[in-house]
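Colleague: Take this structure, written in structure tokens, and hold onto it; I'll ask about it next.
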């Protein structure tokens, strides 16, 4: 059995959804990796139990105030945590879409979150099939999660739309969870936020660009696929 942890990150112009897929046998190892990352962050004054969240770490808020405006410490913690993630027997899938192009191409486009989510679900389903496994999908809580659950049920009956339709037969169920209690959701939040920063964030700060690039290549070994769809 596999688990796929799913989260999103977005700007006004681009939307991204990512999945971290890992075997049930390695869930404990993932939890231990996050505990080790938390112990490392505690060395910088961050309280144990503080949720790992990409934007909060970079902004130094919601428990990450001890490293606010301390760019070196921020980079060290983020890189250390991604290093722990990259050593796990797991894979990451990232799907994005250019929102403006999506709205320009279609008269009645699906919401960008839904577009990216179904692309990621297709990736997860294909990966599970290649392993001969079933998969349980766990998404971070969102305001319209009931609608997403209903749409998932429709996909399993009639298939996803697009050029590679799938009934997502390997996905056993999709549920929603509180990210503060889920190492998998916290890890994938760091990954999808990083990709969004790399793909959509514009800055003239050379240090910031170098940091994001370094963090990306730390994560890259377990990224099975990353794509931004420009309709």
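In our numbering, the protein residues as written are -16 to 214.
No residue lacks a Cβ here, since even glycine has one placed at the ideal position from N, Cα and C.
Work out the CA separation of residue 126 and residue 77 for me, nearest whole Å.
Modeller: The alpha-carbon atoms of residue 77 and residue 126 are separated by roughly 21 angstroms.
Colleague: Indicate whether the contact test is met: 3 or more Cβ pairs, each with one atom in the segment 137 to 152 and one in the segment 185 to 195, closer than 8 angstroms.
Modeller: The segment 137 to 152, when compared against the segment 185 to 195, does not touch it at the 8 angstroms Cβ threshold.
Colleague: Within 10 Å of its beta-carbon, does residue 124 have 16 or more other beta-carbons around it, so buried, or fewer, so exposed?
Modeller: Its Cβ having fewer than 16 others within 10 Å, residue 124 is exposed.
Colleague: Using a Cβ-Cβ cut-off of 6 angstroms (strictly less than) and excluding sequence neighbours within five positions of residue 242, which residues of its own chain qualify?
Modeller: Residue 242 is absent from the structure shown; the chain starts at -16 and stops at 214.
Colleague: With DSSP as the reference, label residue 215 as helix, strand or coil.
Modeller: With the chain covering -16 to 214 only, the question about residue 215 has no answer from this structure.
Colleague: Assign residue 125 to one of three DSSP states: helix, strand, or coil.
Modeller: In the structure shown, residue 125 sits in coil (DSSP, three-state: anything other than H, G, I, E or B).
Colleague: What does the alpha-carbon distance come out to for the pair residue 16 and residue 68?
Modeller: Approximately 7 angstroms between the Cα atoms of the pair.
Colleague: Can you have a look at residue 70 and say buried or exposed, based on whether 16 or more other CB atoms are within 10 angstroms of its CB?
Modeller: It counts as exposed.
Colleague: Keeping to the same chain, check which residues put their C-beta closer than 7 angstroms to that of residue 14; ignore five residues upstream and five downstream.
Modeller: So the qualifying residues of the chain are 166.
Colleague: Between the beta-carbon of residue 36 and the beta-carbon of residue 169, is there less than 8 angstroms?
Modeller: Closer than 8 angstroms, so yes.
Colleague: Regarding residue 75 and the ligand FMN, is the C-beta to nearest heavy atom distance less than 7 angstroms?
Modeller: Looking for the ligand FMN in the displayed structure turns up nothing, as the structure carries no ligands at all.
Colleague: Give the DSSP-derived three-state secondary structure of residue 185 in the structure shown.
Modeller: Coil.
Colleague: May I have the straight-line CA-CA distance separating residue 218 from residue 8, to the nearest angstrom?
Modeller: Residue 218 is absent from the structure shown; the chain starts at -16 and stops at 214.
Colleague: For the candidate residues -7, -15 and -16, whose alpha-carbon lies nearest to that of residue 172?
Modeller: Ranking -7, -15 and -16 by Cα distance to residue 172 puts -7 first.
Colleague: Whose C-alpha, out of 42, 83, -2 and 4, is nearest the C-alpha of residue 205?
Modeller: With distances taken between Cα atoms, residue 205 lies closest to 4.
Colleague: Would you mind sorting residue 136 into buried or exposed? The rule is 16 or more other CB atoms within 10 Å of its CB.
Modeller: Exposed: under 16 other Cβ atoms inside 10 Å.
Colleague: Can you grab the Cα-Cα spacing for the pair residue 114 / residue 59, in whole Å?
Modeller: Between residue 114 and residue 59, the C-alpha separation is close to 35 angstroms.
Colleague: Residues bridged to residue 3 by DSSP?
Modeller: DSSP output for residue 3 lists -12 and 75 as bridge partner(s).
Colleague: What is the C-beta distance between residue 1 and residue 178, in whole angstroms, given that I count them as a contact (C-beta under 8 angstroms)?
Modeller: Right, the Cβ-Cβ distance comes to about 7 angstroms (below 8 angstroms), so this counts as a contact.
Colleague: What are the uninterrupted segments assigned as beta strand (DSSP E) that are 3 or more residues long and contained completely in the segment 52 to 97, given in chain order?
Modeller: Listed in chain order, they are 73 to 81.
Colleague: For the alpha helix (DSSP H) containing residue 19, name the first residue and the last one.
Modeller: Taken as a continuous stretch (DSSP letters only), the alpha helix (DSSP H) holding residue 19 covers 10 to 25.
Colleague: Quick one: Cα of residue 52 to Cα of residue 43, how far?
Modeller: Near 7 angstroms, if we compare the C-alpha coordinates of residue 43 and residue 52.
Colleague: If you draw a straight line from the alpha carbon of residue 119 to that of residue 132, how long is it in whole angstroms?
Modeller: If I take the Cα positions, the gap works out to 13 angstroms.
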